[in-house]
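Chains as they are written, first to last, in our numbering: chain H, 1 to 521; chain G, 1001 to 1521. All residues carry an ideal CB built from backbone N, CA and C; glycine is no exception.
2 protein chains.
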Amino acid sequence: MKKNLLLTTLLSASVFTAAFAQEVVDQAVVQKIREEGLNHSQVMKTAFYLTDVSGPRLSGSPGLKHAQDWAVGQLKTWGMANVGLESWGKFGKGWEVEKNYAAITVPYYHAIIAIPKAWTPGTAGPIKGDVVLIKADTITDLDQYKGKLKGKIVITYTKTPLTRSTKPDLSRYTDEELDKMAAAQPAAPGGGRGGANSPAFAAMRKLRALRTAMSEFFVQEQVGLVLSQARGTDGTVFTTNGASYAEDAKPVAPELETSGEDYLRIVRLLDGGIAVQMEADVQTKFFDKDLNGYDVVAEIPGTDKKLKDQLVIIGGHFDSWHGGTGATDNAAGSAVMMEAMRILKTIGFKPKRTIRMLLWSSEEQGLFGSRGYVLNHFGDPKTMQLKPEQAKVSAYYNLDNGTGKIRGVYLQGNQEIGPIFKTWLEPFKDLGASTVTISNTGGTDHQSFDAVGIPGFQFIQEPMDYNTRTHHSNQDVYDRLVEDDLKQAATIVASFVYNTAQRADMMPRKELPKPPPTPAN
Amino acid sequence: MKKNLLLTTLLSASVFTAAFAQEVVDQAVVQKIREEGLNHSQVMKTAFYLTDVSGPRLSGSPGLKHAQDWAVGQLKTWGMANVGLESWGKFGKGWEVEKNYAAITVPYYHAIIAIPKAWTPGTAGPIKGDVVLIKADTITDLDQYKGKLKGKIVITYTKTPLTRSTKPDLSRYTDEELDKMAAAQPAAPGGGRGGANSPAFAAMRKLRALRTAMSEFFVQEQVGLVLSQARGTDGTVFTTNGASYAEDAKPVAPELETSGEDYLRIVRLLDGGIAVQMEADVQTKFFDKDLNGYDVVAEIPGTDKKLKDQLVIIGGHFDSWHGGTGATDNAAGSAVMMEAMRILKTIGFKPKRTIRMLLWSSEEQGLFGSRGYVLNHFGDPKTMQLKPEQAKVSAYYNLDNGTGKIRGVYLQGNQEIGPIFKTWLEPFKDLGASTVTISNTGGTDHQSFDAVGIPGFQFIQEPMDYNTRTHHSNQDVYDRLVEDDLKQAATIVASFVYNTAQRADMMPRKELPKPPPTPAN
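Spelled out as structure tokens, the structure:
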């Protein structure tokens, strides 16, 4: 890291300008890519099959399998090589919803908007009964409910009202925001997230302990159904990461992640002394025949004698949450990567280096698909023991920030690559992509590569309605995809792949990360 | 109308300034009203009972009856006189939902967000079956489906995608917008809505004819369930005005007004050649024991020997649609009017003129509660035959534009009242209410009074999220109510009532409307 810091203090942001670049972009090929990508796109058709047709693609679920099988078939049809599913390791159980019905019946009828929490059981048939308001700030507060909750529907007190933002749900980056990103300084090393001894952290730990205790208590007391409040308003339900999918996961109670308005209505009624009854019929199914996780693989093999063993890898995660159909998260990125491959194949590209595309599974549970793949092929970030192939991957490009078009790239602190990317983005200035920022971005699969010293990058994408409406929600559906943005992204990705595959040298690398210290116990 | 036009051409907007006013506002009483209204409000408690506790208040439904009975009880408890329900005339059948469940089962399971269309029958038990895509631009296009739809679930083709606004859902008037309203000129008389012979009108009429034909066709063909696309996004469903509630309404098919995302997903699948199956269990109930409609009435009787037979009337409609709990439309206005009465009673106000509050029903079906009341008490706008009491109503004040606070008043072309209202608003400038506009506003109950020559007014209210999220939607629930806004509104209404009750003269009137010409057939 030291070398980069020095470089930064000596140079200004203008280091990223094309003037320093020795990159030459083949404009004729860029034009071919643009023509195919912008005028003959199949990205929305692909997205349709991954979302509407497959349904949710939760890790281990039949929906994911359906989508993976479809993708494998489609990639073969397009002429990719070495197409298939590769196991990245053991995941755990699959799960899907078979029935989801719940309604208030007393004081009047009202069907609620709610989604079964991932990896929770159903109600074992239709249930009907009183809803009980749980008020517990500490674990001992639960004692008053002992023996009173069997078969009941439980809801936990809250008084936090819903609020409405005065900002629009949808946004795109302004020039000012992009300039600010471009001018950002590298992150100081060792900066943490707030000490593990801070009051906020202690409060959070206490809350988590309470929630765990309540969860176990509800199982012991044989509660019929738990209602938890989902984030979101207006019918939008953001689901959580769910219960455990481990083979030996301990039992949990059936649980519905409930829309804010419905949840608070029930709380207000009960808190106001008005009796509430509900009926519900929730059926879920677990799958444990095959506990492995799989990534979709496809290649356009390299043709240069010396370079074909080197790799350009692109990817995005293929799995999703289950409230919607994982359209912006991440059928968008998956469809774009597939489309980038299709574009390159269609224009008859015969790359020097091998191009490989991976569509990860179980990113949502912790980047497992990419981490497993990297562990199997390139090295172990815990020890930094590297495999020979690590030295052969020129770069990894990722897309997983929604449907928004590409505005640029996060350099992950790799200063040297800046001018290269700047040059590669030049032909797409008219499409709004020109920002290169030294900053890191987190939370997705490029980090798995970055962790073992392989240049790995996530593109800067327009925010759109990702955080406000779609990310992990029941509104993450096909309607949220913006065709022009996805076409632009596929075009730019294809161009980056082309450039990486054809340039004389491998992409420059940062200093190799050191293995993390063994955590104190 | 001529006199007002002349007045307007001679005077500028400054005619509304306090300088012309001869009104004197009793500041001590205003302070009492503010103290009670802003610091001891019960408006949210009232709103809680009208929404969460009562459920939807659809015309003729048990929910409306429940809320009316509660309101009558509460008004009596507060000490109002002559409290009760007064029939305004014959309405028709009541209706409510008893069960609302529907889900896609093929190609995978997905519970949809949808609401039974008002006054439609249920599915007569659980149904399961194919969904059929109907493509029909003309009535003869329906022939291809003859004999093929029995027991099926039908959905009509559309290719219009959902769009997302770049504006926030929530807004308040800017000073610029209010200034523009204040400076507005009176509407020219005789301006219409576009000729009945315009192409747009013809297209609309053709579409309506097609829809009617389809509706009848579905009944003939014994369709199991109709899906129609509701306006709205993100889980928000705006319901329509429903089917007929008339005693002799002709049969219609069961119908679910379906969230846009779910509707379009099914259309895309079917249009893409992917089979879709659904299951549904919709149960609704009609009520025809008492076909009459009722308004809630309450009074604070006048005390002045000469003036107590004169009336100050306030009101708002009490009925709602059934997707949510009619919180902003119009538990907000109803709660504010009830609260205004409570404020005046609590400060010990003994008015000169009688104050009467009406909470209308069946406004949503065509201002029926207020029209019927006006017909019974004051006159017939069709003939302009007036009853003696018409001469005794000083003014009618209405609230029915959501939860937003009062910014001012629409004068409905009554120029003379401008300075009076401006003076009455002065003590509330700090609360954001100061705008007086000559303009009309429509669509609610003040028009019933205006039509028979009684000064009737709706206040200017902040837009909030009324048009974007709540008006006639499943998101019109308690969480959308903003306490500070409702407190402000009740305080201002109480003050207007006080002023109207106590001033020496009746409020000035516009020229009496002429009876409308008999429409040509």
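- Straight-line spacing of the CA atoms in V1436 of chain G and K1405 of chain G works out to 15 Å.
- At a beta-carbon threshold of 8 Å, the residues of chain H lying near F1048 of chain G are R268, G272, ordered along the chain.
- With its beta carbon at least 8 Å from every one in chain H, E1177 of chain G lies outside the interface.
- A Cβ-Cβ contact shorter than 8 Å links D485 of chain H with T403 of chain H.
- Leaving aside the five residues that flank V482 of chain H on each side, the residues in its chain whose CB is nearer than 6 Å to its CB run, in chain order, T403.
- Counting only residues of its own chain and dropping the five nearest sequence neighbours on each side, I417 of chain H has a CB closer than 7 Å to the CB of L411, P455, M507, P508.
- Taking 9 Å as the Cβ-Cβ cut-off, the segment 67-97 of chain H approaches chain G at E96, V97, given in chain order.
- Q220 of chain H and V226 of chain H have their C-alpha atoms roughly 13 Å apart.
- Annotation: the continuous beta strand (DSSP E) that includes V436 of chain H extends over 435-437.
- Of the candidates H:F421, H:A501, H:T500, H:S495, H:S495 places its Cα closest to the Cα of E35 of chain H.
- D1281 of chain G places its beta carbon 8 Å or farther from that of P1381 of chain G.
- Between N474 of chain H and chain G, the shortest Cβ-Cβ separation is below 8 Å.
- By the C-beta density criterion, K206 of chain H is exposed, having fewer than 16 other C-beta atoms within 10 angstroms.
- For K1032 of chain G, the nearest beta carbon of chain H is not closer than 8 Å to its own beta carbon.
- Residue G:T1166 holds the alpha-carbon nearest to the alpha-carbon of L170 of chain H among G:D1143, G:L1170, G:L1358, G:T1166.
- The Cβ neighbour count for S54 of chain H, taken over all protein chains shown within 10 Å, is at least 16; the residue is labelled buried.
- For the set G:G1302, G:L1367, G:S1370, G:V1024, the Cα lying nearest the Cα of G1348 of chain G is the one of G:G1302.
- Nearest neighbour of L1359 of chain G by Cα position, chosen from G:V1452, G:N1039, G:W1070, G:R1208, turns out to be G:W1070.
- Looking from the CA of T51 of chain H, the closest CA among H:Q475, H:T518, H:V493, H:A501 belongs to H:Q475.
- If the five residues before and after S362 of chain H are omitted, its C-beta is found closer than 7 Å to the C-beta atoms of S59, F91, G293, D319, F368, G369, all from its own chain and listed in chain order.
- With respect to E1023 of chain G, W1424 of chain G sits close: the two C-beta atoms are nearer than 8 Å.
- P351 of chain H and Y498 of chain H have their alpha carbons spaced roughly 7 Å apart.
- Less than 8 Å divides the Cβ of M1338 of chain G from the Cβ of T1046 of chain G.
- For P116 of chain H, there is no enclosing alpha helix (DSSP H); the residue is found in the beta strand (DSSP E) stretching over 114-116.
- Take D309 of chain H, set aside five residues on each side of it, and the residues of its chain with a beta-carbon closer than 7 Å to its own are K392, in chain order.
- Scanning its chain for C-beta atoms nearer than 8 Å, with the 5 sequence neighbours on each side dropped, one finds around T239 of chain H the residues I115, K117, A118, A230, E257, W321, H322, G323, H472, S473, N474, in chain order.
- Secondary structure in the segment 397-467 of chain H: the beta strand (DSSP E) runs of 3 residues or longer, each lying completely within the stretch, are 406-410, 435-437, 456-461 in chain order.
- At a cut-off of 8 Å between beta-carbon atoms, D1169 of chain G makes contact with chain H.
- Identification of residues in the segment 107-126 of chain H having a C-beta nearer than 7 Å to some C-beta of chain G yields P107, Y108, Y109, H110, A111, I113, given in sequence order.
- Going by DSSP, S1087 of chain G is part of the beta strand (DSSP E) stretching over 1081-1090.
- For M204 of chain H, the number of other beta carbons within 10 angstroms of its own is below 16, and it is reported as exposed.
- Check the Cα spacing between V1029 of chain G and each of G:I1343, G:I1313, G:H1066: the tightest is with G:I1343.
- The continuous alpha helix (DSSP H) containing V1029 of chain G extends over residues 1027-1039.
- Judged by DSSP secondary structure, L227 of chain H falls within the beta strand (DSSP E) whose first and last residues are 225-229.
- In this structure, DSSP gives P1388 of chain G a helical state, which the three-state scheme calls helix.
- For G1235 of chain G, the nearest CB of chain H lies under 8 Å from its own CB, placing it at the interface with that chain.
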